[in-house]
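A short write-up of the structure that comes next.
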Amino acid sequence: MTGCVFCGVVAGSVPAFEVAATASAVAFLDTRPVFKGHVLVAPREHLVTVADLPAAVLPDYFSFVQRLSGAVEGGLGAGGTFIAINNKVSQSVPHLHTHVVPRTKGDGLRGFFWPRTKYASDEEAAEYAARIAAAYTALT
């Protein structure tokens with residue numbers, strides 16, 4: 001879809017720190033992460049909500065999210081992950097995407113308050129993406 005930043009990421013015309021990809025989705029670092037290593041998983045097809053995701057794509061999409069959750073934990077030494085989807089409300093980009101956020105005990109994340117941080121540099125973001133990508137590859 002013209003003008004959709006996530007469609008641009010999927011097409012390769014918008015730069016992103018890609019972590020992994022499947023036939024149905026692409027995973028990349030959030031540019032405004034809750035915590036460093038926060039990954040977004042977006043379907044390749046422009047869809048707005050989870051209700052728009054075709055049933056035939058559900059198994060591949062959510063098994064990809066599942067594997068990425070393990071990769072975020074393993075690659076970053078996180079204690080767990082927070083996985084979320086916004087539908088329309090609080091959806092900053094109107095393209096379906098799933099957040100996979102690394103968590104550690106005592107990290108300060110409470111309820112649905114999502115403080116945002118930044119990477120110190122593109123090199124730091126690339127290093128986080130590489131760690132998650134390596135852990136993902138080891139899981140597949």
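Numbered by the numbering used here, the letters in the sequence shown go through residues 1 to 140 in order. For glycine and all other residues, C-beta sits at the position ideal for the given N, C-alpha and C. Nothing here was measured: the structure is a model prediction, and the numbers come from that model.
Three or more C-beta pairs closer than 8 Å, one from the stretch 92 to 111 and one from the stretch 39 to 52: is that the case here?
yes
For the candidate residues 23, 31, 25 and 17, whose alpha-carbon lies nearest to that of residue 117?
31
Since I believe residue 135 is in contact with residue 75 (beta carbons under 8 Å), could you give me their beta-carbon distance rounded to a whole number of angstroms?
3 Å
Close beta carbons around residue 108, own chain, < 8 Å, minus the five adjacent residues each side:
115
Check residue 103 in the structure and name its three-state DSSP category.
strand
Could you say which of 83, 125, 49 and 60 lies nearest to residue 89 if we only look at CA atoms?
49
Could you check if residue 14 is buried or exposed, using at least 16 other CB atoms within 10 Å of its CB as the buried criterion?
exposed
Continuous beta strand (DSSP E) assignments of at least 3 residues falling wholly in the stretch 72 to 137
80 to 85 and 98 to 103
Inter-residue Cα distance where the pair is residue 36 and residue 85:
18 Å
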